[in-house]
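These notes are about the structure you will find just below.
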Amino acid sequence: MARIVLKFGGTSVGDIERIRNVARKVEAEVRAGHQVAVVVSAMAGVTNQLVSYCREISPLHDAREYDAVVSSGENVTSGLLALALQEIGIPARSWHGWQIPIRTDGVHAKARIVEIDTTELDRRLSSGEVAVIAGFQGISPQGRIATLGRGGSDTSAVALAAALDADRCDIYTDVDGVYTTDPRIVAKARKLSRITYEEMLEMASLGAKVLQTRSVEMAMKHRVRVQVLSSFEQAPGSALPGTLVVDEDEIVEQELVSGIAYSRDEAKITLIGVADRPGVAAHIFGPLADAAVNVDMIVQNVSEDGTATDLTFTVTKSDLDRAKQVLELAREDLGYRRMTTDPNVVKVSVIGVGMRSHAGVAQRMFAALAEKGINIQVISTSEIKVSVLIAEEYTELALRALHTAYGLDAA
Ligand code: ADP
Ligand code: ASP
Ligand code: MG
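Every number in the numbering used here is 4 more than the matching position in the sequence shown, counting from 1.
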């Protein structure tokens, strides 16, 4: 007998028939003798709809009320799945975040889980009752509902698996595992049977939304056995050929590059004619940090005459307007000549722990892009990834070219 946490994303609970399908999967685990906690997302499209209602009624909405609204989609699914389970004779009870409680910090709309009290869940699971938990939500120190950021149900599931000391955490979604790149864009993407925590963390934070970044951080920290698999392709109770997220030493054959991710959530800002003297960068990025704008990639051009230079950097698209405002207000103080911005960019990254021990990975990337005539605007690297910023219109072309260049194409 094992204790397991299963998580079902929006498409997997997209309509009543799909919720019944989920109930049958849960039933199979219960009949196998396991204790089961299930985390559910809102039905497909519901969270987007709720977010747009908030924006429509109040463009600069109060984050606490935003959370009150957008958390509601998960409440509906948790109740519906509990009912579907009861209908097939499985004892089940739904749980909202505050009822457990799942305690978070007070950063509404992107809260972090700080503690989960498992006393009652433990008791119920041990008695054979299935717990159906609304994902994406918890309760803030002020006693209000807080949500965990988009895609946050993954984090709810991994955090519960850690707190409940579960044997595994299965993330059911609309693809049957983690692929070398987004299979919806590159038809030749290959499913990975295993990926390391570290690579998965980079993939997620660089744009692969198959798992929320924080869920991977948490899995890595608490060594939760996470598996990504499809809720559509396997019969209930059958063997599960998804992707396992594991420690590096569990990988038998390590590829040089294991995955390619992309993020359209970037916007480029260039300051032209910035004084080329010590302290200028601190001067520019200070006010942005004060305005809670995250700066990602940065490049400073060499100055031709030693007095003025150009500085290019990226921020998330949703921060672009705020960043522009901050920089315009500080223009005289900062002393740049002109500012240009471009939201039509994409960050493409190649990721692999194999890079630590092999040279030439970046060079292969630059050559493959050059061959397709794709201009690289900004570059950034770390120990296990290389990222480039390119024009958004080349996203698919670049992903396909790189996928082939690193020998990742499926046969
Ligand atoms: P859910 O609603 O189940 O949480 P998401 O839409 O959040 O599902 O995540 C699954 C999606 O992630 C897939 O449909 C796929 O398009 C996308 N995706 C991006 N990169 C990858 C990747 N490397 N492997 C698998 N899926 C990926
Ligand atoms: N429903 C939330 C979202 O769409 C949380 C999730 O699905 O993980 O972001
Ligand atoms: Mg998701």
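Backbone N, C-alpha and C define an ideal beta-carbon position, used for all residues, glycine too.
Please read all numbers here as calculations on a predicted model, not as lab measurements.
Three-state secondary structure (DSSP) of residue i
i    : result
L373 : helix
D71  : helix
T185 : coil
T122 : coil
A191 : coil
R416 : One cannot answer for residue 416 here, as it falls past the ends of the chain, which runs 5 to 415.
L10  : strand
K389 : strand
V64  : A small correction: the amino acid at residue 64 is Leu; Val does not occupy that position in the sequence shown. Coil.
L54  : helix
I23  : helix
D323 : helix
E133 : coil
D337 : helix
S353 : strand
S45  : coil
N79  : helix
M343 : strand
L331 : helix
Q367 : helix
V17  : helix
Buried versus exposed call for residue i [16 or more other C-beta atoms within 10 Å across all chains shown]
i    : result
G283 : exposed
H226 : exposed
S130 : exposed
A4   : Because the chain is modelled from 5 through 415, residue 4 falls outside the range shown and cannot be assessed.
T15  : buried
Q39  : buried
Q367 : exposed
V228 : buried
T123 : exposed
S144 : buried
S56  : exposed
D158 : buried
V256 : exposed
A296 : exposed
A271 : buried
L84  : buried
S75  : buried
R404 : buried
V118 : exposed
I111 : Note on residue identity: the sequence assigns Val, not Ile, to residue 111. By the 10 Å Cβ count, V111 comes out exposed.
Member of the options whose CA lies at the smallest distance from the CA of residue i
i    : options                   : result
I302 : A285, T311, A295 and A312 : A285
G93  : A32, V228 and V118        : A32
I120 : V297, E133 and D169       : D169
R35  : R22, E78 and R7           : R7
S267 : E91, S209, V55 and V297   : S209
R116 : A279, G142 and G83        : G142
E397 : I380, G411 and E387       : I380
D178 : T81, R154 and F236        : F236
D337 : T108, L373, A96 and A279  : A279
R59  : L406, S322 and Q304       : S322
L401 : V352, M359 and S386       : V352
H407 : R342, T316 and A191       : A191
A166 : V330, I394, G339 and A41  : A41
V43  : S82, S62, I20 and V50     : S82
Task: Sequence ranges, alpha helix (DSSP H) only - wholly within the region 273 to 313, length at least 4 - done: 284 to 294
Task: Segments assigned alpha helix (DSSP H), at least 4 residues, entirely inside the region 217 to 266 - done: Whole alpha helix (DSSP H) segments, 4+ residues: 217 to 226.
Open item on the list: I'd like the ranges of any alpha helix (DSSP H) spanning at least 4 consecutive residues and lying wholly in the region 145 to 180.
Closed with: 157 to 167
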